[in-house]
Amino acid sequence: MDRLPGHLIDKILLGTDPKSLWKMRCTNRSLQSHICDPWFESEYFSRRSGLLHVSSYGSNMLCYHTLGDSRSVRKTKTLMECQILDSCSGLLLLYFINGTTQRSLCIVNPLTKKFRFLNLSTFMRLARVCKRKRVVSPSPLGFAVNQTTRSFKIIHINRKTEVENPGKSSYRFEINSGNSWRYSKTTITSCPSNFSTLMKKPVYLDGSLHWLRNDGSIVAFNPETEQARLIPVEFPQELHSRTLFAAGESNLTLISATEEVIYVYALEDILSDLKWVLVKQIKNGVLDGKRPGYWNVEAYDGKCLVLSEGRRKIQYGADRMVHVYDLSANKWLVKSSIPGWCDANQDIFQFTPSSYSVVGLSAEILACDDNLISSLRSIMGLIDGISSEKVEKHFRKRSLEEEEENKLVLLKKMKPS
């Protein structure tokens, strides 16, 4: 392969599955620099962007399928119930729940098998867990990865009403960068407004996390400078109930859909005044005159748009279908089914796997609950297509290798000089 032209090598490697590509990267020195090239990594993993399905209330049943391949749906069952809190740069922020007392926060890269368990934030420690095992009224939380410093930060927003001024609310930002939780020095005071349900998770763009509020304004927080600001913006005049707050390729975006048309708005600076500007209209060819029991806008990243619709289980073998619109081709290309066990209150995350790693994550298994580790392995296997049994073998092999290395080190120390 070394003698082939670069474009042919790209074509071959871009069609290789992640497991085989990872082996090539580790064993073939001549291909290592090619595979590690930032352009190649971005192109490779963007083609394998997928959707993660899990119940909003936490579930031990998860589903993942790759966009562009309707036959690639994979499912797994974990021993502990799980919520996906956020994702960034190929890493997942997970919240595991076992009963009403055992709760764990974890960052994991499913491809590299590296992870880290973290302490719960102040809110998580004090929050009750409802009967369906979801945290009651969770406050907004975000997850950001800095690819330059290879570091991460989790930001939890705590809001409280000002005692001296009941008409104002203040926001404090609790931060975890790997060791413990602490509050940033910055606070925001504004008129009270809840965070919008149009936002499935905060939008990470241009180095800042963005949370949309019901009054249209946006809370922005820069994890590096730890500075926050309130961006005063008004919603577009005609905003429909099926609306999603997301990130385009270079702008914050609102997707607002009717049964006939899907409107794409970008946040632009017009004479130093931020406004939502209509930049694209897409015909809703998914419904095409049908009246499904349920449909919604699920995801958008500037390259593709994802819609889900309810259909009769008897006819199609699944409760709902997922449709993907390719913005570069300007047409609906892909559809696949959502498993029947996914309830109506599900979270659908668009997730792009990556071999990217951050400081502080490790593949070493410390003293952890067996159910927790087993659940984590199942999720890793779900993303990279390797069964949880194979993932477990991988961990056992690594553990044995580490034990042998430790024995050799100990023997060397015991030998008389």
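Okay, so the sequence shown: first residue is 14 according to this note's numbering, each after it adds one. For every residue, glycine included, the Cβ atom is placed at its ideal position computed from N, Cα and C. Note that the structure is a prediction, hence the values are computed from the model and not measured.
DSSP, reduced to helix, strand and coil, places Q363 within a strand of the structure shown. Boundaries of the beta strand (DSSP E) around S182: S182 to N189. Here K213 carries a coil assignment [DSSP, helix/strand/coil]. Non-local C-beta neighbours of R242 in its own chain, meaning closer than 6 Å and more than five positions away in sequence, comprise A233, ordered along the chain.
Contact between the region 34-48 and the region 337-352 is not established, with fewer than three Cβ pairs separated by less than 8 Å.
Take G373, set aside five residues on each side of it, and the residues of its chain with a beta-carbon closer than 6 Å to its own are R129 and G191, in chain order. Distance from V299 to E311 at the Cβ level is roughly 12 Å; contact not present, criterion being Cβ atoms closer than 8 Å. The Cβ neighbour count for C119, taken over all protein chains shown within 10 Å, is at least 16; the residue is labelled buried. Residues of the same chain with a CB within less than 6 Å of the CB of T174, apart from the 5 flanking positions on each side, are S182 in chain order. Taking every protein chain shown into account, the CB of C101 has 16 or more other CB atoms within 10 angstroms, so this residue is buried. Counting the other Cβ atoms within 10 Å of the Cβ of P153 gives 16 or more, which makes it buried.
By the CB criterion at 8 Å, P366 and L75 fall outside the cutoff. Take S387, set aside five residues on each side of it, and the residues of its chain with a beta-carbon closer than 7 Å to its own are L92, in chain order.
About 5 Å separates the Cβ atoms of A376 and K127, confirming a contact at the 8 Å cut-off. One thing to note: L385 has its Cβ within 8 Å of the Cβ of S117.
With contact defined as three or more Cβ pairs closer than 8 Å, the region 249-262 and the region 207-224 are in contact. By the criterion of a C-beta distance shorter than 6 Å, T271 is surrounded in its chain by H253, once the five residues flanking it on both sides are discounted. In this structure the region 196-203 does not lie against the region 286-294, because fewer than three pairs of beta carbons, one per stretch, are closer than 8 Å.
Per DSSP, the continuous alpha helix (DSSP H) segment holding G394 begins and ends at D383 to D397. Closest by C-alpha distance to N227, out of K213, S206, K214 and E237, is S206.
Counting only runs that start and end inside the region 234-309, the beta strand (DSSP E) elements of at least 3 residues fall at 240-244, 255-260, 265-270, 274-283 and 286-296. Our two residues, Q240 and F186, have alpha carbons roughly 10 Å apart in a direct line. Straight-line measurement puts the Cα of T202 at about 45 Å from the Cα of C49.
Annotated three-state conformation of K425 is helix, per DSSP.
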